[in-house]
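Heads up, the thing below is written out as structure tokens.
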Amino acid sequence: MDDYENIDALIEAFQQFSRLNWRRNSISSLKPSELRMLVSIRQGNEREGRKGQTVSDLSKQLKVTSPTVTQMVNSLISQGYAIRTTDAQDRRISEITLTDRGERLAELVTVRTHETFKGMIDYLGKEPSDTLRQLLNGVYEYFEQLNNRQDEF
192 MDDYENIDAL IEAFQQFSRL NWRRNSISSL KPSELRMLVS IRQGNEREGR
242 KGQTVSDLSK QLKVTSPTVT QMVNSLISQG YAIRTTDAQD RRISEITLTD
292 RGERLAELVT VRTHETFKGM IDYLGKEPSD TLRQLLNGVY EYFEQLNNRQ
342 DEF
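One gets this note's numbering by counting positions in the sequence shown from 1 and adding 191 to each.
And the structure:
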């Protein structure tokens, strides 16, 4: 049996997700990336017990560049979802915190995301869902290694 006989079907399975629009946003006018940023600020604060996150913290957490984070944060600030405060001891450091409005939206996004994935687990079953998680983590590791090798050239 050819190990690669289903390669086209596997490619098609991945391409389906880009066409599905499964993350469509009916919650707010924010882009999906901005919603992820709101949730990341909130999660970082909860995880680290801090009031705010730095651009560097968010960049590491989301695995995107600092200029990308800055652009999204500026958009969230201009729309009233976040604020930037300067550290009293070191004015070079600024922290991003959520406004009440941002906190409410981040909570709503978190709840809806959990509901969506609970529904998927109910639909697939626990064991297939666990297998899917393991497989997706393996796929991610594969592509990470592939990207790292390409960076070497």
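Even for Gly, the Cβ is constructed at its ideal location relative to N, Cα and C. What you are looking at is a predicted structure, and each value in this text was computed from that prediction instead of being measured.
Counting only residues of its own chain and dropping the five nearest sequence neighbours on each side, V246 has a CB closer than 8 Å to the CB of S257, V260, T261, V264, S285 and I287. For Q244, the number of other beta carbons within 10 angstroms of its own is at least 16, and it is reported as buried. Secondary structure note for L337: it is in no beta strand (DSSP E), and the uninterrupted alpha helix (DSSP H) holding it is K317 to D342. Under the DSSP assignment, T277 falls in the beta strand (DSSP E) whose first and last residues are A273 to T277.
Nearest to I218 by C-alpha distance, out of E332, E237 and L296, is L296. For T290, the three-state secondary structure derived from DSSP is coil. Note: S266 is not bridge-paired with any residue in the DSSP secondary-structure output. A Cβ-Cβ separation of about 12 Å leaves Y272 out of contact with L299 under the 8 Å criterion.
DSSP places Q206 in the helix class (H, G or I) of the three-state scheme.
Straight through space, the alpha carbons of S209 and M228 are spaced by roughly 21 Å. A direct Cα-to-Cα measurement between S269 and S220 gives close to 13 Å. A Cβ-Cβ distance of about 6 Å is found for the pair G235 and Q252, placing them in contact under the 8 Å criterion.
A straight-line Cα-Cα distance of about 10 Å links L323 and I312. Cβ-Cβ separation between T307 and V230: approximately 13 Å, too far for a contact (criterion under 8 Å). According to the DSSP assignment, Q252 belongs to the alpha helix (DSSP H) that extends over V246 to L253. Between I232 and the set I198, L211 and R275, the nearest pair of CA atoms involves R275.
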